[in-house]
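End of the sequence shown = 569 in the working numbering, gap-free, step of one.
Don't be surprised by glycine CBs; every beta carbon is placed ideally from N, CA and C.
Report on one structure; see the data block that follows.
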Amino acid sequence: MLSIIFALLFALGFWTERYDSMGYMREQPVSVALSALAAFLVSTFVLAALSSCFASLSRRVDSNGLGWHPLAYAGIAIACWIPILVVCFPATAGADLFGELPMFFGLQPMTSHHPPLVIALYGIAFKLGSLLGGANGGMFALTISQVVFMGTAIAVTMWLVDRLAHRRWLTVLSLCFFSLMPIFPTYAQFIVKDVYSACALDLFCAQLVARSWKRGGGEPIPWVLGFPAIGVMGVLASLLRNNNVFIVAVALVAYALAAPSRRPGHLRGGRVEGHGEELCPAMLCALTVFILCFLVNNALYPAMGIAKGELGEALSLPMQQTARFARDHPDEVTPEQRSVLNQTFFGYDTLGQVYDESISDPVKDRFRFTGYRNLLAYLRVWAQQGLAEPGTYAVSATEGSIGYWYPFGVRAQTNDDYADMAMVGSASSDSTMWADLGLSPTSAPFPEARVSLHDAVWSLSQTPVVSLLFHPATYLWVMLLCCAQTLSVAGNAGGEWLAWLRPAAWSLLMAAVLLTLTCCASPVSALVRYALPLWFWAPLALALPFADQTETSS
Numbered sequence: 016m017l018s019i020i021f022a023l024l025f026a027l028g029f030w031t032e033r034y035d036s037m038g039y040m041r042e043q044p045v046s047v048a049l050s051a052l053a054a055f056l057v058s059t060f061v062l063a064a065l066s067s068c069f070a071s072l073s074r075r076v077d078s079n080g081l082g083w084h085p086l087a088y089a090g091i092a093i094a095c096w097i098p099i100l101v102v103c104f105p106a107t108a109g110a111d112l113f114g115e116l117p118m119f120f121g122l123q124p125m126t127s128h129h130p131p132l133v134i135a136l137y138g139i140a141f142k143l144g145s146l147l148g149g150a151n152g153g154m155f156a157l158t159i160s161q162v163v164f165m166g167t168a169i170a171v172t173m174w175l176v177d178r179l180a181h182r183r184w185l186t187v188l189s190l191c192f193f194s195l196m197p198i199f200p201t202y203a204q205f206i207v208k209d210v211y212s213a214c215a216l217d218l219f220c221a222q223l224v225a226r227s228w229k230r231g232g233g234e235p236i237p238w239v240l241g242f243p244a245i246g247v248m249g250v251l252a253s254l255l256r257n258n259n260v261f262i263v264a265v266a267l268v269a270y271a272l273a274a275p276s277r278r279p280g281h282l283r284g285g286r287v288e289g290h291g292e293e294l295c296p297a298m299l300c301a302l303t304v305f306i307l308c309f310l311v312n313n314a315l316y317p318a319m320g321i322a323k324g325e326l327g328e329a330l331s332l333p334m335q336q337t338a339r340f341a342r343d344h345p346d347e348v349t350p351e352q353r354s355v356l357n358q359t360f361f362g363y364d365t366l367g368q369v370y371d372e373s374i375s376d377p378v379k380d381r382f383r384f385t386g387y388r389n390l391l392a393y394l395r396v397w398a399q400q401g402l403a404e405p406g407t408y409a410v411s412a413t414e415g416s417i418g419y420w421y422p423f424g425v426r427a428q429t430n431d432d433y434a435d436m437a438m439v440g441s442a443s444s445d446s447t448m449w450a451d452l453g454l455s456p457t458s459a460p461f462p463e464a465r466v467s468l469h470d471a472v473w474s475l476s477q478t479p480v481v482s483l484l485f486h487p488a489t490y491l492w493v494m495l496l497c498c499a500q501t502l503s504v505a506g507n508a509g510g511e512w513l514a515w516l517r518p519a520a521w522s523l524l525m526a527a528v529l530l531t532l533t534c535c536a537s538p539v540s541a542l543v544r545y546a547l548p549l550w551f552w553a554p555l556a557l558a559l560p561f562a563d564q565t566e567t568s569s
């Protein structure tokens, strides 16, 4: 099944990259079919080889892992980040920060477009730092806060990888990944709201995996792995990024449905079937998280005077398709449709000219919300045009999401946001925010070193094979492969004692799938920060097929 999915997506990505339309479906159907068949055969062979490799390595327990304290892993990783953190001192400001800090200090009305919890955390850290060192001190305090969040996530993930797999080589490999992969130190100093939420989401999934692991050993569940604690982390992850609530809820439901009826330690030769004591509390936890987040966003925030964010953010996909239709089929727009579209977009007649397949901001900025009645009218027009030209809609959706599932093409290259803004930075010194806050603009002490660092990392990200490590899609396929292998091991006859792996694998798998789907509907076609949790989850998923139940204590 995984080979079939890969083959279909490979063919879709490969040919869409070259044609910029769906015309290849009628012009070269044989070539498309052959490319899909070749991808299927190659992926089947590779998956079989990897499965055999997993099975062979799983029989070799070379050690009990490193057995270090969790903080030791985080300390080594952060120590390796120091050169990049020094070169990029005090921090690199994301564009959103120049809206978030003014909201915190009352210079702009606060909205939930940026999560208010992120605004509060940023504001508190910046205020404390600025008291000690002005703008530079405030920005460096934000870097420190993100380093702490990332260090915590890495410490927990590394400890769990080491204890799950009992493979020293895997622990060392994972530690090298967190220490040497430029993504991590870059985002430690790149002040964007996604860092906090990615770390919280990683900790939430680590809790589910660890609970499943403990449960499989027939041991008492510590309070930190109880559903109240898991629910708190799920709420935190959801409030740090609004669409995380769907990932959290689905992961909990997947865990509940996959959990076996009895602990394998209580079993002697029988199969583990059905749903047991985990079903109701996990489902209740998912429902509670969803309700709490709904109440916070729709009751608490409005009561605090926090306005709702722009609706257009959630409509990136249909608006991009509308703009593509306006560009490619302007003569097919009826007068009735044009009337509705003129009420929905500023300057609809030139909407097609600003269309960019890789980012929806130029189109999204023209959206105007004039009421739910007009919104429904727009959605009817959107559906009508989609039925008239489904190929146009398909290619727009494909090009707008290709970087999250197809790691081989030009459009899937790591977005400029990563290498340019995240290292060189935008013109933060020109922002009026500093004057409004009564502070001097930030000053970067090593501007030339920043540029050299950017050039080096950018060159590395374009190196054949190595470039795959910089693509969000690579980590999605790693997650799919490892979770599928884990489920295969857990489902083998005679391997019922491994049934505890099922809820761990299913919760990670569904979290990765839901995250990717939300990325595909996002404004950018291949943005690292949107898919950042995949980088944290990948070592954990890689450890699952090697999981050993010989020891779960501590």
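Quick one: grab the DSSP three-state call for residue i.
i	result
Thr407	helix
Val493	helix
Ile206	strand
Val480	coil
Phe423	coil
Thr158	helix
Thr107	strand
Phe382	strand
Ala536	coil
Thr126	strand
Ala318	helix
Leu557	helix
Ile374	strand
Phe360	strand
Asp343	helix
Glu42	helix
Val102	helix
Ile198	helix
Gly241	coil
Ser503	helix
Val348	coil
Should residue i go down as buried or exposed, given a rule of 16 or more other Cβ atoms within 10 Å for buried?
i	result
Trp420	buried
Pro243	exposed
Ala553	buried
Asp364	exposed
Met16	exposed
Arg383	exposed
Gly246	buried
His84	exposed
Tyr387	exposed
Thr385	exposed
Ala442	Note on Ala442: pLDDT 42, under 50, position unreliable in the model; no value is reported.
Cys295	exposed
Cys191	exposed
Asp346	exposed
Within this structure, are the beta carbons of residue i and residue j separated by less than 7 Å?
i	j	result
Ser212	Leu255	yes
Val171	Ala221	yes
Phe164	Cys103	no
Pro548	Leu483	no
Met154	Pro117	no
Gly249	Val304	yes
Leu315	Asn259	no
Val133	Lys208	yes
Go through its chain and collect everything with a Cβ distance to residue i's Cβ below 7 Å, but skip five positions before and after it.
i	result
Val162	Ile93, Ala203
Ser537	Ser331, Tyr545
Glu351	none
Asp376	Pro538
Phe340	Gln400, Glu404, Thr407
Ala488	Gly418, Tyr419, Trp420, Tyr421, Pro422, Ala427
Trp449	Ala150, Ser455, Pro456
Leaving out the 5 sequence neighbours to the left and right, which residues in its chain are closer than 8 Å to residue i when beta-carbon positions are compared?
i	result
Val224	Leu175, Leu179, Ala519, Ser522, Leu523, Leu555, Leu559
Thr447	none
Gln336	Trp397, Gln400, Gly401, Thr407, Tyr408, Ser411, Ala412
Ile91	Leu190, Ser194
I'd like to confirm something about residue i: is its beta-carbon nearer than 6 Å to some heavy atom of the ligand MN, or not?
i	result
Gly367	Absent from the structure shown: the ligand MN. Ligands present: none.
Can you find the residues in the same chain that come closer than 6 Å, C-beta to C-beta, to residue i, ignoring five residues on each side of it along the sequence?
i	result
Ala9	The structure shown has nothing for residue 9, since the chain only spans 16 to 569.
Leu267	Ala297, Cys300, Ala301
Ala526	Cys220, Ile262, Ala266
Stretch pair the stretch 234 to 248 + the stretch 129 to 146: three plus CB contacts closer than 8 Å: no
Cβ pair count under 8 Å reaching 3, the stretch 320 to 327 against the stretch 125 to 138: yes
The stretch 195 to 202 / the stretch 88 to 105 touching (three or more Cβ pairs under 8 Å): yes
The stretch 383 to 401 contacting the stretch 447 to 465, beta-carbon criterion three pairs below 8 Å: no
The stretch 53 to 68 contacting the stretch 490 to 503, beta-carbon criterion three pairs below 8 Å: yes
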